[in-house]
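Enquirer: Below: one structure in structure tokens.
Chains as they are written, first to last, in the working numbering: chain A, 30 to 223; chain B, 7 to 466.
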């Protein structure tokens, strides 16, 4: 077992704790690297450049934790409908678990998340996909985006996708003439010559 | 309604309207949003607009100018003042087409409001609000981007005439990229190195007239034009600007914080970062844009995946909905979760921005570094994530995702510039990291850190 308290219940506080740990560790390591380079005689700017990949990783991890935190905060105070809150909680779990699985090295490198926990998270990620599946369309309907804004044959609210795609095809400017001008200008002379 | 989609809606475990209320801050806001959207959608002046993808660059510029002028008038007629309501109204009629006066209202006017003295606000804000002046904000140069200290444009104070001489001394100092600079704007806020009494006093903001107000022709010493076609943003005349010793009065430097006295003496601002306030606002808004665009991409991918059927899961069975394939779920559901996550983060950031700017107005600058540091990183984080995932949504729709009929291309080319404008993302992340290092050093020396960065007090 790693130091993290994450288990198969996917408690959001435990998941966030892992994000926070990862961010603090990466910031600490980047700061250590910069300090080490300065101590070895580099200027501050040279040191920053030579630690820049680590610095970006640290800032990225901090932002990732911040985004998860605002999602959790919204869940805890901003959703009064119980069914909606429950569904959104699953989506928040997916956000947190996917972020860990996608960046597993950064969570595991110091053993904070163990390989056993990582295996469990990989499996639970697939479970979450199945849990979200029945609500997928409802989740996107909730964005309340009118068809006029989406302007998509594929994403229409009524789902009449194929009719819309075919209609779009018929309106192609190339279909304004049965025989395109390019045939007369280039294709026919070429074919005659050959 | 397609029967597969109808069945999906019946099987959901919650009523989506409840989440819509959460996303838009309550039933009243949703009702109002829908009302304004229906007004825009059913407006005959806009309803029969041509298919965007069939228009040339020039036609797109003109079409958006037509819509912008029309909607600007309609917004005034309807008496809309709430930014969210105005956005809902505009979006319904010209989604991802970009207002021709977008930078005028989001950068030019707010910069004068935040960085101008009362006298300066009196001089320019009423004329800007009545569209006598249409302005933009020019910081980036041909050879210099996010590193503002490297900008070459100069503003040299002449105490004899009490004027600044604004100059582009090199080819690389040519202002390049600012939106609406090429053909639309007649005024501009130019960020330039202030030189006075033989000293370089750093980057300051100057109001520079570009074009005559009677016939829109470029003023003497001003070379201005459009930079050409781009990946997207085709309706926007991103421009270049060369200034050849253009003289502007002393009052044209925005002097609420930094000042140049008549004799050329420079008075420093309390905080250098105050100069970049307008960019911080836009960065805060970018997270919202990223969330909304990714949400739209998810809407397309998920609805289509519910309708599209492909290959039998069991031999001789019916073709399965693509959404039932685990690989498809693995592609689009994390994007869905991310769009919700960024939505809430974006809302939070705009709230923080409004709170902190209110404090700044009262002279309290303590939270400005935190806002600056966090908004940079979050802008990069959100635009990167949304661009990458939007592309994944597109590809999850197979060949039809490549057609302009899918709607993806219009959203994508509107979203992905956010990775480079208002600060290239890698530089933004490094800026954020520098802020975090400073906080970390404070934490190590025993300081108790406030708010968002308090986690750095945590022992490993």
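No residue lacks a Cβ here, since even glycine has one placed at the ideal position from N, Cα and C.
1. Do residue 216(B) and residue 179(B) have their beta-carbon atoms positioned less than 8 Å apart in this structure?
2. Following the continuous alpha helix (DSSP H) through residue 221(A), name the residue where it begins and the one where it ends.
3. Roughly how many angstroms separate the alpha carbons of residue 52(A) and residue 431(B), rounded to a whole number?
4. Between residue 47(A) and residue 142(A), is the Cβ-Cβ spacing less than 8 Å?
5. Could you give the DSSP three-state label for residue 209(A): helix, strand or coil?
6. Between 435(B), 373(B), 245(B), 132(B), which lies nearest to residue 144(B) when the distance is taken from Cα to Cα?
7. Quick one: Cα of residue 335(B) to Cα of residue 348(B), how far?
8. Let me make sure I understand the geometry here. Which of 206(B), 208(B), 345(B), 209(B) has the alpha-carbon closest to that of residue 399(B)?
9. Whole angstroms is fine: what's the gap from residue 131(B)'s alpha carbon to residue 304(B)'s?
10. Please list the terminal residues of the continuous alpha helix (DSSP H) segment that includes residue 30(B).
11. Of all Cβ atoms in chain B, is any one closer than 8 Å to the Cβ of residue 171(A)?
12. Would residue 311(B) and residue 328(B) qualify as a contact pair, given that the criterion is a beta-carbon distance under 8 Å?
13. Let's test the definition: count the other Cβ atoms within 10 Å of the Cβ of residue 159(A) and tell me whether it reaches 16, buried, or not, exposed.
14. Quick check on residue 243(B): buried or exposed, where buried means 16 or more other Cβ atoms within 10 Å of its Cβ?
15. Got a sec? Which residues, its chain only, sit under 7 Å from residue 123(A) by beta carbon, not counting five neighbours each side?
16. Just by C-beta distance, which residues in the stretch 396 to 428 of chain B are closer than 9 Å to chain A?
17. Is residue 164(A) closer than 8 Å to residue 20(B) when the C-beta atoms are compared?
18. Taking Cβ to Cβ, would you say residue 8(B) is nearer than 8 Å to residue 338(B)?
19. Near residue 183(B), which residues of its chain fall below 6 Å by C-beta distance, leaving aside the five closest residues on each side in sequence?
20. Taking 8 Å as the threshold, find out whether the stretch 161 to 169 of chain B comes into contact with the stretch 106 to 115 of chain B through three or more Cβ pairs.
21. So within the stretch 73 to 145 of chain A, which uninterrupted alpha helix (DSSP H) runs reach at least 4 residues, ignoring any that extend past its ends?
22. Considering just the uninterrupted stretch of the beta strand (DSSP E) at residue 145(B), what are its terminal residues?
23. If we ignore side chains and look at the alpha-carbon of each, how far apart do residue 69(A) and residue 60(A) end up?
24. Shortest alpha-carbon distance to residue 27(B) belongs to which of 92(B), 39(B), 81(B)?
25. Given residue 386(B), which residues of its chain have a CB within under 7 Å of its CB, disregarding the five upstream and five downstream residues?
26. Please state whether the Cβ-Cβ distance between residue 171(A) and residue 25(B) is less than 8 Å.
27. Using only the alpha-carbon positions, how far apart do residue 182(A) and residue 455(B) sit?
28. Whole angstroms is fine: what's the gap from residue 315(B)'s alpha carbon to residue 325(B)'s?
29. Got a sec, what are the start and stop residues for the beta strand (DSSP E) residue 207(B) sits in?
30. Have a look at the DSSP bridge pairing and note the partners of residue 198(A).
31. Give the straight-line distance between the Cα atoms of residue 240(B) and residue 72(B), rounded to the nearest whole angstrom.
32. Residue 52(A) versus chain B: which residues are under 9 Å apart at the beta carbon?
33. Please report the straight-line C-alpha distance between residue 11(B) and residue 417(B), rounded to a whole angstrom.
34. Please list the residues of the stretch 145 to 169 of chain A that have a C-beta atom closer than 7 Å to any C-beta atom in chain B, keeping them in chain order.
35. Tell me which residues share the same chain as residue 46(B) and place their Cβ nearer than 6 Å to its Cβ, disregarding the 5 neighbours each side in the sequence.
36. Check the Cβ of residue 59(A) against every Cβ in chain B and list those closer than 9 Å, keeping chain order.
Expert: Reading from the atomic positions:
1. no
2. 217 to 222
3. 19 Å
4. yes
5. coil
6. 245(B)
7. 19 Å
8. 345(B)
9. 40 Å
10. No alpha helix (DSSP H) contains residue 30(B), which DSSP labels as neither H nor E.
11. yes
12. yes
13. exposed
14. buried
15. 157, 161
16. 403, 406, 407, 409, 410, 411, 412, 413, 414, 416, 417
17. yes
18. no
19. 146, 244
20. no
21. 73 to 79, 81 to 106, 111 to 131, 133 to 137
22. Where residue 145(B) is concerned, there is no enclosing beta strand (DSSP E), given that its DSSP letter is neither H nor E.
23. 14 Å
24. 39(B)
25. 431, 434, 435
26. yes
27. 50 Å
28. 5 Å
29. 205 to 215
30. Paired residue(s): none; residue 198(A) is not in a bridge.
31. 15 Å
32. 442, 461, 462
33. 23 Å
34. 155, 158, 161, 162, 163, 164, 165, 166, 167, 168, 169
35. 95, 98, 99
36. 439, 442, 443, 446
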